[in-house]
Amino acid sequence: MDPEELLTAPSATGAPCFAFRGDLLLLRTEPSVELPVWEDIAGLPLSGRSPGFWITGRPGNCWASLVEDALLPEGMSLVTLRDVWSLMGERAFFEAGRAFQIMEWSQRNRFCGRCATPMVEAENETALMCPTCGLVSYPTVTPAIIVAVEREGRLLLARNTRFPKGRYSVIAGFVEPGETLEGAVEREVMEEVSVRVKNITYFGSQPWPFPHSMMVGFRAEWESGEIMADGNEIESAGWYSPEGFPDIPPGFSISRRLIDDFLARHA
């Protein structure tokens, strides 16, 4: 489908749709919290829309982008993606995050970066293709590491300058080209708090749509060095015992899972 040939309707009546204004998701909030269906948003001004098979693997869904000044129907509200977890649960959070990432990627790649021809949707995979020169574009997924560093029963927690007031978490950062995940762990910890680590082991992963990351979690142990915050991204950091933790991230994030894992092993 040419991006200019907008979808007239999903293939299934009553199919849930992911409609965004910027990074806010439109939800029905009355009488219960749920995704709107196509019939709810069909009359709204939309700057783009597309089938949602890429999002859920099920036919009938769609994503859509609301224009900035669109008036919302009664009983509907815009919420952050983080709010989706508490309002609708884990599955809805990940599907909404995937929808947002697909929408952002699709809108950024409407035209071929090589020859400027309008891109079309691939039939058998999540991709956009140029019908003129054959260039294929896949959704952007940016790998990032996140690591819980331990030292003698204490956990390294740091305060990023972008965190809410008082919030601390484990160290995280993006993987650079040509770098292994383990190498990224070593570099990020050294760059942000001047500490060397050892015994790096894989913990788990989580897609994170802020904006299009794949968070890969690790555990590690302190090897040498004393904490010195970089003063750029990290304003303060320290070793914390379980009974003296500061404010930490909410439960749906892999950062919290890493912290909870530490607490479970040191309770």
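Residue numbers 28 to 294, in this note's numbering, belong to the letters of the sequence shown in order. Every residue gets a Cβ at the ideal spot worked out from N, C-alpha and C, and that includes glycine.
So what's residue i in DSSP terms, helix, strand or just coil?
i, result
"Glu206", "coil"
"Met255", "coil"
"Glu218", "helix"
"Pro269", "helix"
"Phe190", "coil"
"Arg48", "strand"
"Met115", "helix"
"Arg181", "strand"
"Asp110", "helix"
"Ile275", "coil"
"Gly200", "strand"
"Ser282", "helix"
"Glu148", "strand"
"Gly102", "coil"
"Gly161", "coil"
"Ala304", "The structure shown does not extend to residue 304, since the chain is modelled only from 28 to 294, so the question has no answer here."
"Phe289", "helix"
"Gly140", "coil"
"Val212", "helix"
"Gly70", "coil"
Please classify residue i as buried or exposed, where buried requires at least 16 neighbouring CB atoms within 10 angstroms.
i, result
"Arg118", "exposed"
"Glu213", "buried"
"Ala142", "Before going on, a small fix: residue 142 reads as Cys here, not Ala. Classification of Cys142: exposed, given that the 10 Å Cβ count is below 16."
"Pro63", "buried"
"Pro236", "buried"
"Gln128", "buried"
"Glu95", "exposed"
"Ser298", "Residue 298 lies beyond the range of the chain shown here (28 to 294); nothing can be said about it."
"Leu98", "exposed"
"Arg244", "A small correction: the amino acid at residue 244 is Gly; Arg does not occupy that position in the sequence shown. Label assigned to Gly244: buried."
"Ser92", "buried"
"Glu61", "exposed"
"Pro37", "With a pLDDT of 48 at Pro37, under the threshold of 50, the predicted position of this residue should be treated as unreliable, and no value is reported."
"Glu152", "exposed"
"Ala294", "exposed"
Can you find the residues in the same chain that come closer than 6 Å, C-beta to C-beta, to residue i, ignoring five residues on each side of it along the sequence?
i, result
"Gly58", "Rather than Gly, the amino acid found at residue 58 in this sequence is Pro. Same-chain partners within the cutoff: there are none."
"Met28", "Reliability of the predicted coordinates at Met28 is poor, the pLDDT of 33 falling under 50, and the value obtained from them is presented with this limitation in mind. Glu148."
"Glu177", "Glu248"
In its own chain, which residues sit with a C-beta less than 8 Å from the C-beta of residue i, not counting the 5 before and 5 after it?
i, result
"Arg181", "Trp266, Tyr267, Ser268"
"Phe190", "Ser196"
"Thr35", "The predicted model places Thr35 with a pLDDT of 43, which falls under 50 and marks its position as unreliable; any figure quoted below should be read in that light. Nothing meets the Cβ criterion."
I need the straight-line Cα distance from residue i to residue j, nearest angstrom please.
i, j, result
"Trp65", "Gly161", "33 Å"
"Gly193", "Asp274", "6 Å"
"Ala42", "Ile173", "36 Å"
"Ile281", "Leu73", "34 Å"
"Gly102", "Leu51", "16 Å"
"Glu218", "His239", "23 Å"
"Asn187", "Gly49", "24 Å"
"Ile261", "Pro204", "23 Å"
"Phe67", "Phe138", "With the sequence shown as reference, residue 67 is identified as Asp, and Phe is not the correct amino acid for it. Computed Cα separation, rounded: 30 Å."
What residues in its chain sit with their C-beta under 7 Å from that of residue i, if we drop five residues either side in the sequence?
i, result
"Asn136", "Met146, Leu155, Ser164"
"Leu290", "Pro269"
"Pro277", "Arg283"
Mind reading off the beta-carbon distance from residue i to residue j? Whole number of angstroms is fine, and I expect it under 8 Å.
i, j, result
"Ala247", "Val202", "That belief does not hold up - the Cβ atoms of Ala247 and Val202 are roughly 15 Å apart, past 8 Å."
"Gly124", "Leu108", "6 Å"
"Thr159", "Thr144", "4 Å"
Are there any heavy atoms of the ligand NAD lying less than 7 Å away from the beta-carbon of residue i, as far as the coordinates show?
i, result
"Gly124", "The model on display carries no ligand, and the ligand NAD is accordingly not part of it."
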